[in-house]
Amino acid sequence: MPSGSEFGLANLPYGIYSDNAASAGGGPRVGVRIGDSVLDLARVLADDVFAEPSLNAFMAQGRARWSEVRAQLTDLLSTEQHRGPVEAALRPLSAVRLHLPFTPGDYVDFFGNEYHAANAGRIFRPDGEPLTPNWKHMPIGYHGRSGTIVPSGTPVPRPCGQRRGSGGPTFGPSRRLDFEAEVGFVVGADSAGPVPVGAFADHVFGVFLLNDWSARDLQAWESQPLGPFLAKSFATSVSPWVVPLEALEHAWVSPPPRDPEPLPYLADAGRQGLDLALEVRLNGHRVASPPYAGTYWTAAQMLAHMTVNGAPARTGDLFGSGTVSGPDRDQRGCLLELSWGGAEPLTLPDGSVRSFLEDGDEVTISATAPAAGGGRIGFGEVTGRIRPALG
Ligand code: MN
Numbered sequence: 075m076p077s078g079s080e081f082g083l084a085n086l087p088y089g090i091y092s093d094n095a096a097s098a099g100g101g102p103r104v105g106v107r108i109g110d111s112v113l114d115l116a117r118v119l120a121d122d123v124f125a126e127p128s129l130n131a132f133m134a135q136g137r138a139r140w141s142e143v144r145a146q147l148t149d150l151l152s153t154e155q156h157r158g159p160v161e162a163a164l165r166p167l168s169a170v171r172l173h174l175p176f177t178p179g180d181y182v183d184f185f186g187n188e189y190h191a192a193n194a195g196r197i198f199r200p201d202g203e204p205l206t207p208n209w210k211h212m213p214i215g216y217h218g219r220s221g222t223i224v225p226s227g228t229p230v231p232r233p234c235g236q237r238r239g240s241g242g243p244t245f246g247p248s249r250r251l252d253f254e255a256e257v258g259f260v261v262g263a264d265s266a267g268p269v270p271v272g273a274f275a276d277h278v279f280g281v282f283l284l285n286d287w288s289a290r291d292l293q294a295w296e297s298q299p300l301g302p303f304l305a306k307s308f309a310t311s312v313s314p315w316v317v318p319l320e321a322l323e324h325a326w327v328s329p330p331p332r333d334p335e336p337l338p339y340l341a342d343a344g345r346q347g348l349d350l351a352l353e354v355r356l357n358g359h360r361v362a363s364p365p366y367a368g369t370y371w372t373a374a375q376m377l378a379h380m381t382v383n384g385a386p387a388r389t390g391d392l393f394g395s396g397t398v399s400g401p402d403r404d405q406r407g408c409l410l411e412l413s414w415g416g417a418e419p420l421t422l423p424d425g426s427v428r429s430f431l432e433d434g435d436e437v438t439i440s441a442t443a444p445a446a447g448g449g450r451i452g453f454g455e456v457t458g459r460i461r462p463a464l465g
């Protein structure tokens, strides 16, 4: 493996893959990415939990087991005596198909980035305060639709719905279709009740990338008073690789200063922000580089909040950070902000102009995080192309 790879021993993300060649046999199963190859875990570890078509059974085994497997893999991949068996269990990425990494349970999407929340407030409610009065007291979220979570590469048909019109609502394909660059978190180990902020790493298995496709015209009309509904439930794309928390030990940072201090159940428990560098490409052109480190609410606070009422967290439950944006224009993680609601269209390097997505547009979100010795680990990417509205 080339040194400097974003998928070296410091990373070891998990996914679900199957061989492209039918003759290879074997259905979808657990793999770990190393360089540009996938390691068949059921084969090298001789454990059927990795022959499952999702990570859920392994994730449910808990944190001690996650650490044990990571240590085994590190040993296998770094010891000369294992070279033969390891090489026999490697498949090149180009020869496999990647699937949803886990079976989604409940899905919550948050709104935890202050730059995004304030910009969206200014655009959607120009006469009001940018942030609602509750925003700095709790991570605001809504329940998404887990049945429309799709793996990277799945085409996304343009959704239809109601839009506000001068003579009353109209119905048809969305005219303001958007992406949202987000960081996703998946629950591995169940919790029967509240998960305190300090217990985050006992329950969350890993981190991935998420595109919360959003129809802004549908959203603007339907969202008051109960929040997003059909504007976001048609599709949510997730990246194929789940980076385990242990791979992120050099990425933890302090979150932004809190003002006001949150209630005690949301008090920060150390460096629980994550220094991830996101990049968004539209038709191959970089349109934004959102920095996740400045996101106001941490993932630990989000999980604490969503369970504080007694709701359990279950294996496979996932939650999104909310759109990741930063203070600069080229750090905004959605077209709503990048084009300021359509008032300031973007001109791409090929001369095309966009306020929102057109049919055929492809959006790709990638990210990296710091690793030991100034290196970076990669999250890979989540991509999707817009198709014309159905029928
Ligand atoms: Mn979102």
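Everything in the sequence shown is counted per our numbering, starting at 75 for the first residue and increasing by one.
The beta-carbon is built from N, C-alpha and C at its ideal position, and this holds for glycine as well.
N-terminal and C-terminal residue of the alpha helix (DSSP H) that residue i is part of
i	result
Gln236	Looking at the DSSP string, Gln236 is not in any alpha helix (DSSP H); the run it does join, the beta strand (DSSP E), is Cys234 to Arg237.
Val118	Leu115 to Leu119
Ala392	It is Leu, not Ala, that sits at residue 392 in the sequence shown. No alpha helix (DSSP H) holds Leu392; the beta strand (DSSP E) holding it covers Leu392 to Gly394.
Asp276	Phe274 to His277
Gly342	Looking at the sequence itself, residue 342 is Asp, so the reference to Gly does not match. That residue, Asp342, is in no alpha helix (DSSP H); it is neither H nor E in DSSP.
Gly195	Glu188 to Phe198
Thr381	Ala373 to Thr381
Ala255	Taken as a continuous stretch (DSSP letters only), Ala255 belongs to no alpha helix (DSSP H), being part of the beta strand (DSSP E) at Ala255 to Val261.
Arg171	Careful: Arg171 lies outside any alpha helix (DSSP H), inside the beta strand (DSSP E) at Val170 to Leu172.
Leu422	Run containing Leu422: none; DSSP gives neither H nor E here.
Glu296	Arg290 to Glu296
Phe132	Asn130 to Met133
Glu411	Leu409 to Leu412
Status (buried if at least 16 other CB within 10 Å, exposed otherwise) for residue i
i	result
Phe245	exposed
Gly390	buried
Leu151	buried
Tyr88	buried
Val427	exposed
Glu188	buried
His190	buried
Gly101	exposed
Asp114	buried
His359	exposed
Gln375	buried
Beta-carbon proximity list for residue i, same chain, < 6 Å, skipping 5 on both sides
i	result
Asn193	Glu411
Leu431	Leu251 and Ile460
Arg137	Asp276
Host beta strand (DSSP E) of residue i (start-end)
i	result
Gly158	No beta strand (DSSP E) contains Gly158, which is instead part of the alpha helix (DSSP H) from Arg157 to Ala162.
Pro361	The question names Pro, but residue 361 is Val in the sequence shown. Its beta strand (DSSP E) spans residues His359 to Ala362.
Phe430	Per DSSP, Phe430 belongs to no beta strand (DSSP E) and is neither H nor E.
Asp93	Tyr88 to Asp93
Ser311	Thr310 to Val312
Val143	Counting along the chain, Val143 falls outside any beta strand (DSSP E), though it belongs to the alpha helix (DSSP H) covering Arg137 to Ser152.
Leu356	Ala351 to Leu356
Gln436	In the sequence on display, residue 436 carries Glu and not Gln. Where Glu436 is concerned, the enclosing beta strand (DSSP E) stretches over Glu436 to Pro444.
Phe185	Taken as a continuous stretch (DSSP letters only), Phe185 belongs to no beta strand (DSSP E), as it is neither H nor E.
Tyr216	Gly215 to His217
Pro268	No beta strand (DSSP E) holds Pro268; DSSP gives it neither H nor E.
Arg459	Arg450 to Arg461
Close beta carbons around residue i, own chain, < 7 Å, minus the five adjacent residues each side
i	result
Gly344	none
Phe259	Val278, Val281, Ala373, Leu392 and Phe393
Leu83	Thr148, Leu151 and Ser152
Pro330	Gly368 and Tyr370
Residues near residue i by beta carbon distance below 8 Å, same chain, minus five either side
i	result
Thr222	Ser307, Phe308, Ala309 and Thr310
Arg199	none
Leu205	Glu188, Ala191, Ala192 and Gly195
Should the segment 288–298 be called in touch with the segment 248–266, which here means at least 3 C-beta pairs below 8 Å?
yes
Within 8 Å, do at least three Cβ pairs link the segment 206–221 to the segment 180–198?
A contact exists between the segment 180–198 and the segment 206–221.
Are the segment 338–356 and the segment 234–241 touching by the rule of at least three beta carbon pairs closer than 8 Å?
Flag = no, the segment 338–356 and the segment 234–241 do not touch.
Quick one, what's near ligand 1 if you take every residue whose CB is closer than 5 Å to any heavy atom, in chain order?
Asp183, Glu254 and Asp286
Please determine if the segment 125–132 and the segment 153–168 are in contact, where contact requires at least 3 C-beta pairs separated by less than 8 Å.
In this structure the segment 125–132 does not lie against the segment 153–168, because fewer than three pairs of beta carbons, one per stretch, are closer than 8 Å.
On the three-pair Cβ rule with 8 Å, is the segment 98–110 touching the segment 357–374?
no
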